[in-house]
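2 protein chains.
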Amino acid sequence: MDKAEKVMNLAMRRGFFWPAYEIYGGVAGTLVWGPYGVLVKNKVIDLWRRMFIYNHGFLEIQAPSIAPRIVFEASGHVDSFRDVMVTCESCGRKYRADTLLEEAGLEVSEALPLEEFDRLILENDVRCPSCGGRFSKSTYFITMFRTTIGPYSDAEGFLRPETAQNMFVEFRRVYEDFRRVFPIGIAQIGRGFRNEISPRQGPIRLREFDMMEIEFFFDPRDDSCPYFDDVRDEEINLLHEELLRSGGSEYETMTLDEAFSRGIIKNKYLGYFMVLAVKFLEKLGIPRENQRFREKLEGERAHYAVQTFDQEVKLDRWGWVEVSGHANRSDYDISRHIKFSGKELFAFRRLSSPKKVLVKEAIPRPRVIREAFGDKIGVIMRELSKYKPIEIYEALDKDGFIEVAGVRLGSEFFDVKVEEKVVEVEPFVPHVVEPSFGLDRIVYAVLEYAFREVGDRVVLSLPPIIAPVEAAVFPLTRDSGLVELAGMVYRDLKDSGYMVYYDDSDSIGRRYARVDEIGVPIAITIDYRSLEDDTVTVRDRDSWRQYRIKRIDVKTFIDLVLSGSGFVEAAESMGLEPL
Amino acid sequence: MDKAEKVMNLAMRRGFFWPAYEIYGGVAGTLVWGPYGVLVKNKVIDLWRRMFIYNHGFLEIQAPSIAPRIVFEASGHVDSFRDVMVTCESCGRKYRADTLLEEAGLEVSEALPLEEFDRLILENDVRCPSCGGRFSKSTYFITMFRTTIGPYSDAEGFLRPETAQNMFVEFRRVYEDFRRVFPIGIAQIGRGFRNEISPRQGPIRLREFDMMEIEFFFDPRDDSCPYFDDVRDEEINLLHEELLRSGGSEYETMTLDEAFSRGIIKNKYLGYFMVLAVKFLEKLGIPRENQRFREKLEGERAHYAVQTFDQEVKLDRWGWVEVSGHANRSDYDISRHIKFSGKELFAFRRLSSPKKVLVKEAIPRPRVIREAFGDKIGVIMRELSKYKPIEIYEALDKDGFIEVAGVRLGSEFFDVKVEEKVVEVEPFVPHVVEPSFGLDRIVYAVLEYAFREVGDRVVLSLPPIIAPVEAAVFPLTRDSGLVELAGMVYRDLKDSGYMVYYDDSDSIGRRYARVDEIGVPIAITIDYRSLEDDTVTVRDRDSWRQYRIKRIDVKTFIDLVLSGSGFVEAAESMGLEPL
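Protein chains in written order, with the working numbering: chain A, 1 to 579; chain B, 1001 to 1579.
Have a look at this one:
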């Protein structure tokens, strides 16, 4: 049994996660996060929110996961978010062509033309893994879930394959609502959906997953990044383009500063977020040496990116696996949405010196409008108010009229005002750097790194801040005095907002073993001495060492351990008596 | 402008929520929660988690939102989750038939047959609201979003219209993982999707929305509810069946105890959760007198329910609107999933006295299996281990063989063991009570109840625990000494985990006005006296009263206000000096 299997067994047995829809035979690529999994996941989200959103004053939104087709036409997904698929001519099973070729020992780029896939499959005699049959010609399969919005069959929609497009589509609204603060980071934590052809990697390749993404909008003329200096001396592991091109497979460790000055990381914001991602995973218990950034080469990169690094974590079964992506998406997305929506999705930069321009505005003439359209004036004026006077002038100038509420208004309905204005800002299309995290994979990796075997027992050594339950409370026996006091300790901790576990069944050893498995860092035991001197014992999940502590000091001790002090260090600093 | 319009204007202008996909002309029934909206929403979720999940030790899961068709066949949704739809024969627009009839002044039940809808539309000459055209015959429209899972066109899936089915489908796994603790509450917070025909009520009728649901599984022979006594004297407002049948439209107020003993609320758990729902909304700022429970009559109730109450809140434009549903789903769901999955989704109850039964088990004979199948024994034994010996015996007894890993094993591969066993438990199908909350509607209702106009200004009097930002920090002027000290106060609060807002632009009056609009309960101002004696002023959002406080006491004061003390009361209890 490899480590992945052991972790998955534990996860299924103790309510961290399991394959969804088991009673119906399962659906590949779907997962249920169970009660302990949800608690860990929520704490990972909390930490990410603090480190990535709140710490920078970024703005978090929550938007729909279904978008109309035009959004993904603009983003380019309809054209390029697809896999090459082949169908077995004997049994009808369908596969990703690149996966089949990889399994046959051939590294292929997804960007190859279909004929190349067909040629490679034929030449290498790749057959159906299930029945040995031959394959049909390869085709493209859009890996977005398709649906219809409302009752009209032409209103096609897709489930978002990334949360990112919401931030681009809603950029202008957020930018305006927040008084044009810039640069601006817009974040979203939410579900993404990918209609994988045949996912076969448990928690690693899911059709439905949670993402934590930031789209950081900046001015391409000023990418100086105020946070850069705080982390310039941090070391990161890079498997960069130059190494990859020379056939390297081992990462090179260097400071962020060096990576930037050697031109390996080309944008300071990108580099800053990469370092932050390293620190984030470290706090979750994944050591730095088992993290690396693999640069995506031209042809491997998504269609929107000018530079991309995948943050990868070394896993036992699957090797290096991407857990976050760091892309410089340039002005690609916003430019495309400008083109497809016809709206001005600009940010504004201050001009070094103000300049004078002639502004022509068309102002509606309510009297004339009422004479022509009577009571309809209400709706007409309301519709007109959605345009700026300058936009109305431009429409009149271009078309000779503007159409609102079903009527065409010519220039006779407007007064034209020409003014010289002093302009202090100019519009530009913002560029975007995107750190994007896959939450499910991260939580899986965290569990794998926390997983330890001690003899025939399992201990889940999760960092205390993300442990699903912070403390367990056990009366040593079911003696009513002990049970009563334990109940008091339990309720007191619970009322103070801790996640606490209570258990008075079985031997104390089995109870310790049960909470070790779910990663509870502190087990509090009420014994007979507790009844005499109001002390309890605290036991360390990792070292199994025990100390005696005054009941009144328990919360302080828990807080110390949760703050990351280490159990034994916390016990010693509080001068606790070892047992 | 009615209150709903005012609230929506504020929401759009200040980043609470807005219609999604504005730049593409919008998609009806979709919403973006903006930065302040997300903060409020997350705090509402936190409160709900504490009151409904943690407080009872319930178990929260997160499961996929896409389910294969069979799940919704079992649940009955494929057959009955539908609206009656008519299409205009002139312009092709589609409408919900019941909405059209309601707008024509006719109350109709959704359960009427299609011919009745056609007759009522014809007799009342109901025409297309858009073009005046006549309607086609009515048809059913499934209001679930349909999609395809993977590349096979017959693998139909639906987006869940409620999160509930996940809890039923995963019940057994949770029950077993948590050592068969019973009764058991399984909760989920997540997105639901309803493909409404033509949603037209802003934040009230959405195609995508967040739900907070609990499926509480209990033994129908023991519905005594340990929490009931804690709340039996609480009053609730009921528009119950008896009132409705006698044409009443005003609610009757009574204690939970009375409602139960009069047989109005027929299940204690149901009643308990209803009271909890009242308290929850009260904490969110919705007064009890503007909440009521409307019983759903036979024919109005969902297909799965034996008794249902909708918790409704009185809103300015839309009248009484459902924000949560409380249904006794009996054993409907679990029974259906037993039928459709063929799996034994039972809970177990202890027998009053143990009984003896004859147990027949079939135990695999590895040697014989290896002789017949060689190395395949590994996969065969692994597959067999998924069955209990008793299940294998039953299969052999029924079919003469059991099929695993593609091979049929007859009785020669097993030893049959007959034993008399003492059985202490018996299986039963659990019953379910469901409290189900619509998060988006609740947050909208909360904003509407918090919305106040004071002269030409807007104040959002949110309860402090759900205010998006807890405190604002303002230097009185941009004087560098003040700015520096304000910066210190700001960072100190931020580092302590508070959500804080900093602003040093414009006049202090305009800054107060800006934070009043987003509901910040406490504004902290650093003035010239602050530089001398290290005091600052705190200003109440609601009364606009100000007090002077020592800088070191600020956090204590914030905590007091967040705990619900009331600003003026907190200031007085701390003996602060009024300005």
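Backbone N, C-alpha and C fix where the C-beta goes; we use that ideal spot for every residue, glycine too.
Original post:
For M51 of chain A, does the three-state DSSP call read helix, strand or coil?
Top reply: Three-state DSSP puts M51 of chain A in a helix.
Original post:
Do you know how far the Cα of T1477 of chain B is from the Cα of R408 of chain A?
Top reply: 51 angstroms
Original post:
How would you write the range of the alpha helix (DSSP H) that V561 of chain A sits in, first residue to last?
Top reply: 554-562
**OP:** Give me the Cα-Cα distance between E73 of chain A and H337 of chain A, rounded to the nearest whole angstrom.
**Re:** 9 angstroms
**OP:** Using a Cβ cut-off of 7 angstroms, pull out every chain B residue sitting near R178 of chain A, in sequence order please.
**Re:** Checking the sequence, you will find Phe at residue 178 of chain A rather than Arg. Those are G1015, listed as they occur along chain B.
Subject >> Cβ-Cβ distance between F1052 of chain B and A1187 of chain B below 8 angstroms >> reply: In contact: F1052 of chain B and A1187 of chain B (Cβ atoms closer than 8 angstroms).
Original post:
Assuming G157 of chain A and A67 of chain A make a contact with CB atoms under 8 angstroms, what is their CB distance in whole Å?
Top reply: About 6 angstroms; that satisfies the 8 angstroms criterion.
Original post:
Taking just the CA atoms, how far does R13 of chain A sit from L1059 of chain B?
Top reply: Approximately 15 angstroms between the Cα atoms of the pair.
Subject >> Start and end residues, alpha helix (DSSP H) containing R529 of chain A >> reply: 528-533
Original post:
Excluding the five sequence neighbours on either side, which residues of its own chain have a C-beta within less than 6 angstroms of the C-beta of G1325 of chain B, listed in chain order?
Top reply: D1310, S1436
Original post:
Excluding sequence positions up to five away, which residues of its chain have a Cβ less than 6 angstroms from the Cβ of R514 of chain A?
Top reply: none
**OP:** Measure from the alpha carbon of C1091 of chain B to the alpha carbon of each residue in B:G1133, B:E1162, B:E1123, then state which is nearest.
**Re:** B:G1133
**OP:** Could you please give the first and the last residue of the uninterrupted beta strand (DSSP E) stretch that includes R1548 of chain B?
**Re:** 1546-1550
Original post:
Going by beta carbon distance, what residues of the same chain come within less than 6 angstroms of W48 of chain A, once the five residues before and after it are set aside?
Top reply: M212
Original post:
Relative to the C-alpha of T581 of chain A, which residue among A:E89, A:I70, A:S80 is closest?
Top reply: Here chain A has residues from 1 to 579 only, and residue 581 of chain A is not among them.
Original post:
Helix or strand or just coil, what does DSSP make of Y449 of chain A?
Top reply: helix
Original post:
Out of B:I1402, B:E1448, B:V1368, B:D1229, which has the shortest C-alpha to C-alpha gap to G1319 of chain B?
Top reply: B:E1448
**OP:** Starting from the beta carbon of W1018 of chain B, find every residue of chain A whose beta carbon is closer than 9 angstroms, and list them in chain order.
**Re:** E170, R173, D177
Original post:
How close, in whole Å, do the beta carbons of V429 of chain A and I334 of chain A come, if the pair is a contact with beta carbons under 8 angstroms?
Top reply: 5 angstroms
**OP:** Kindly indicate if chain B contains any beta-carbon less than 8 angstroms away from that of N9 of chain A.
**Re:** no
**OP:** Kindly indicate which three-state DSSP category S1080 of chain B falls into: helix, strand or coil?
**Re:** helix
Subject >> Per-residue DSSP class, three states only, for V418 of chain A >> reply: Residue state, collapsed to three classes: strand.
Original post:
Do the region 231-240 of chain A and the region 189-209 of chain A make contact, defined as three or more Cβ pairs closer than 8 angstroms?
Top reply: no
Original post:
So, V536 of chain A versus I526 of chain A, is the Cβ gap smaller than 8 angstroms?
Top reply: yes
Original post:
the ligand GTP heavy atoms versus the CB of I197 of chain A: any closer than 7 angstroms?
Top reply: The ligand GTP is absent from the structure shown, which contains no ligands of any kind.
**OP:** Compare the Cα-Cα distances from P203 of chain A to each of A:I442, A:M381, A:S480 and report the closest residue.
**Re:** For P203 of chain A, the closest C-alpha among the options A:I442, A:M381, A:S480 is that of A:I442.
Original post:
G247 of chain A lies in the alpha helix (DSSP H); which residues open and close that run?
Top reply: Per DSSP, G247 of chain A belongs to no alpha helix (DSSP H) and is neither H nor E.
Subject >> Proximity test, Cβ basis, 8 angstroms: A1277 of chain B and chain A >> reply: For A1277 of chain B, the answer is no, since every Cβ of chain A falls outside 8 angstroms of its Cβ.
**OP:** Consult DSSP for Y1501 of chain B and reduce its assignment to one of helix, strand or coil.
**Re:** strand
**OP:** For chain A, find out if any of its Cβ atoms is closer than 8 angstroms to the Cβ of G1034 of chain B; answer yes or no.
**Re:** yes
Original post:
Does the separation of the CB atoms of E569 of chain A and Y547 of chain A fall below 8 angstroms?
Top reply: In this structure, the beta-carbon distance from E569 of chain A to Y547 of chain A does not fall below 8 angstroms.
**OP:** Using the DSSP secondary-structure output, state which residues sit across from F117 of chain A in a beta bridge.
**Re:** In the DSSP output, where bridge partners are listed per residue, F117 of chain A has none listed.
Original post:
Are E434 of chain A and E215 of chain A closer than 8 angstroms when you measure CB to CB?
Top reply: It is a contact, given that the beta carbons lie within the stated cut-off.
**OP:** Can you tell me the Cβ-Cβ gap for D118 of chain A and K94 of chain A, rounded? I've got them flagged as a contact below 8 angstroms.
**Re:** With 8 angstroms as the limit, D118 of chain A and K94 of chain A do not qualify as a contact, their Cβ atoms being about 15 angstroms apart.
Subject >> Selection from B:V1032, B:Y1501, B:R1545 that minimises the alpha carbon distance to V174 of chain A >> reply: B:V1032
Original post:
Between S1153 of chain B and T1147 of chain B, what straight-line distance do the alpha-carbon atoms span, to the nearest angstrom?
Top reply: 9 angstroms
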